[in-house]
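Q:
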Amino acid sequence: MNTPDDALTDAAASPVSQATGRPLTKRGEATRRRILEAAEQVFADLGYHEASIVKITERAGVGLGTFYLYFDSKQSIFEALVLDLNQRVRHAMGEAMVGARSRLEAEHAGFAGFFRFTADHPALYRVVREAEFVSPALLRLHYTRIVDGYEAGLRAAQQDGDVDAGLDPAVAAWALMGAGELIGMRYLLWERDATGAMPAQIPSDVFAAMTRFIDNALAPRPSTIGAPVVRATEEGIES
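Residue numbering for the sequence shown is 220 to 458, as defined by the working numbering.
1. Within a Cβ cutoff of 7 angstroms, which residues of the same chain sit near ARG241, ignoring the five residues on either side of it in sequence?
2. Helix, strand or coil for VAL235, going by three-state DSSP, please let me know.
3. Helix or strand or just coil, what does DSSP make of PRO441?
4. For the alpha helix (DSSP H) containing THR250, name the first residue and the last one.
5. Of all Cβ atoms in chain C, is any one closer than 8 angstroms to the Cβ of PHE286?
6. Can you tell me the Cα-Cα spacing of ALA376 and SER321, whole angstroms?
7. Applying the 10 Å Cβ sphere with the 16-neighbour rule, what's the burial state of ASN435?
8. Please identify the residue among VAL353, ARG345 and ASP383 whose C-alpha is closest to the C-alpha of GLU400.
9. Using three-state DSSP, classify PRO355 as helix, strand or coil.
10. Use the C-beta contact count for HIS268: other C-beta atoms within 10 angstroms, 16 or more gives buried, fewer gives exposed.
11. Are the segment 366-375 and the segment 349-356 in contact at 8 angstroms, needing three or more beta carbon pairs?
12. If you drop the 5 nearest sequence neighbours on each side, which residues of the same chain put their C-beta closer than 8 angstroms to that of LEU343?
13. For ASP264, count neighbouring C-beta atoms within 10 Å of its own C-beta (all shown protein chains included) and say buried if the count is 16 or more, exposed if not.
14. Spatial neighbours of VAL382 within its chain, please: CB distance less than 6 angstroms, with the 5 preceding and 5 following residues excluded, ordered by chain position.
15. So the candidates are ARG411, GLY380, ILE272 and LEU243; which of them puts its Cα closest to the Cα of ASP291?
16. What is the DSSP secondary structure of PRO422, reduced to helix, strand or coil?
17. From PRO422, ILE433, GLY385 and ARG411, pick the residue whose C-alpha is nearest to that of GLY397; which is it?
18. With distance defined between alpha-carbon atoms, name the residue in LYS293, ALA257 and ILE365 nearest to GLN306.
19. Taking Cβ to Cβ, would you say SER296 is nearer than 8 angstroms to ALA279?
20. Round the Cβ separation of THR250 and THR285 to the nearest angstrom and send it over; I've been treating them as touching at under 8 angstroms.
21. Taking just the CA atoms, how far does MET429 sit from VAL317?
22. Would you decide whether GLY282 is buried or exposed? Buried here means 16 or more other CB atoms lie within 10 Å of its CB.
Spelled out as structure tokens, the structure:
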């Protein structure tokens with residue numbers, strides 16, 4: 220049986236014309252991308268409730284009729300944008316991790332990729348946070364998609380001896396994701412220079428402190444080598 224998450228995922232994975240129900244052509248995909256990019260800026264600048272389809276189409280340089288070929292409402296384009304940002308930030312992190320020689324090195328690279336994406340797409344923060352009220356199921360999907368891959372990577376690294384075997388990989392994944400998001404908020408989103416512009420990148424000393432924290436949290440400990448992994452469950456703690 221399909222869940223609401225499945226429906227949201229399917230809609231994003233195979234975009235079709237709202238008019239014909241058919242897969243988009245290359246030209247149609249390019250137009251849809253232009254409308255999504257405009258929506259990213261409009262939702263970031265105005266928020267969901269002040270944004271409008273008219274403002275999005277004006278920014279994209281398309282007519283209202285063109286908009287409705289790809290999206291049937293303001294909520295539908297908002298949901299498509301959350302899924303699009305999610306896919307792109309995961310791609311940015313994964314691409315940055317290619318070639319890493321250890322899990323800790325991969326963590327450093329992945330966070331660097333995340334911070335670069337955040338600096339380029341500050342809308343990520345406002346759009347995702349507004350999803351809590353506009354589409355709560357989508358907010359959960361956004362975070363669980365990131366954590367699922369993260370958890371799998373940590374679990375594999377534990378098997379290879381790269382990460383503390385005593386950590387619960389799910390709890391560690393949620394904790395590290397939360398830390399990265401808040402560091403990005405504090406040192407990118409909230410920082411402004413004299414002209415009001417955001418930094419182009421995370422400060423090097425902040426990144427160094429972040430990676431040291433990651434290393435201290437994840438590095439294998441001799442006392443836990445071969446120890447059973449403690450995991451948190453809904454019923455309590457199990458080993």
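The C-beta atom is built at its ideal place from N, Cα and C for all residues, glycine as well.
In this text, all values refer to a predicted model and were calculated from it rather than measured experimentally.
A: By the coordinates alone:
1. Against the sequence shown, residue 241 aligns to sequence position 22. Only residues of its own chain outside the window of five on either side were considered, and among them VAL235 have a CB closer than 7 angstroms to the CB of ARG241, listed in chain order.
2. Working through the sequence shown from its first residue, we reach residue 235 at position 16. Looking at VAL235 - three-state DSSP - the assignment turns out to be strand.
3. Counting from 1 along the sequence shown, the entry for residue 441 is found at position 222. Here PRO441 sits in helix by DSSP.
4. Within the sequence shown, numbered from 1, the residue matching residue 250 stands at position 31. From DSSP, the alpha helix (DSSP H) with THR250 extends over 245-265.
5. Going by chain labels, chain C is absent from the structure shown, which holds only one protein chain.
6. Along the sequence shown, one-based indexing puts residue 376 at 157. Along the sequence shown, one-based indexing puts residue 321 at 102. Roughly 8 angstroms between the two C-alpha positions.
7. Residue 435 sits at position 216 when you count from the first residue of the sequence shown. By the 10 Å Cβ count, ASN435 comes out exposed.
8. Working through the sequence shown from its first residue, we reach residue 400 at position 181. Selected option, being the one with the closest Cα: ARG345.
9. Here residue 355 refers to the residue found at position 136 when the sequence shown is read from its first residue. PRO355 falls in the helix class under three-state DSSP.
10. As a working note, residue 268 is residue 49 in the sequence shown. The residue is exposed, with fewer than 16 neighbouring Cβ atoms inside 10 Å.
11. Contact between the segment 366-375 and the segment 349-356 is absent, because fewer than three Cβ pairs lie under 8 angstroms.
12. Numbered from 1 along the sequence shown, position 124 holds the residue referred to as residue 343. Closer than 8 angstroms at Cβ, skipping near neighbours: LEU304, VAL308, PHE336 and THR337.
13. Along the sequence shown, one-based indexing puts residue 264 at 45. ASP264 should be labelled exposed.
14. For this step, residue 382 is matched to residue 163 along the sequence shown. Closer than 6 angstroms at the Cβ level, and outside the excluded window around VAL382, lie ARG322, LEU373, ALA376 and LEU437.
15. Within the sequence shown, numbered from 1, the residue matching residue 291 stands at position 72. The shortest Cα separation from ASP291 among ARG411, GLY380, ILE272 and LEU243 belongs to ILE272.
16. Along the sequence shown, one-based indexing puts residue 422 at 203. Coil.
17. The sequence position of residue 397 within the sequence shown is 178, counting from 1. GLY397 has its Cα closest to that of ILE433, out of PRO422, ILE433, GLY385 and ARG411.
18. Here residue 306 refers to the residue found at position 87 when the sequence shown is read from its first residue. That would be ILE365, whose Cα lies nearest to the Cα of GLN306.
19. Looking up residue 296 in the sequence shown gives position 77. Looking up residue 279 in the sequence shown gives position 60. According to the sequence provided, residue 296 is Ile. The question's Ser does not apply to it. Not a contact, by the Cβ cut-off of 8 angstroms.
20. Start at 1 with the first residue of the sequence shown, and residue 250 comes out as number 31. Start at 1 with the first residue of the sequence shown, and residue 285 comes out as number 66. About 7 angstroms; that satisfies the 8 angstroms criterion.
21. Position 98 of the sequence shown, counted from the start, is the residue given in the question as residue 317. Position 210 of the sequence shown, counted from the start, is the residue given in the question as residue 429. Pairing VAL317 with MET429, the inter-Cα distance amounts to about 20 angstroms.
22. Taking the sequence shown and counting its residues from 1, the one referred to as residue 282 is at position 63. It counts as exposed.
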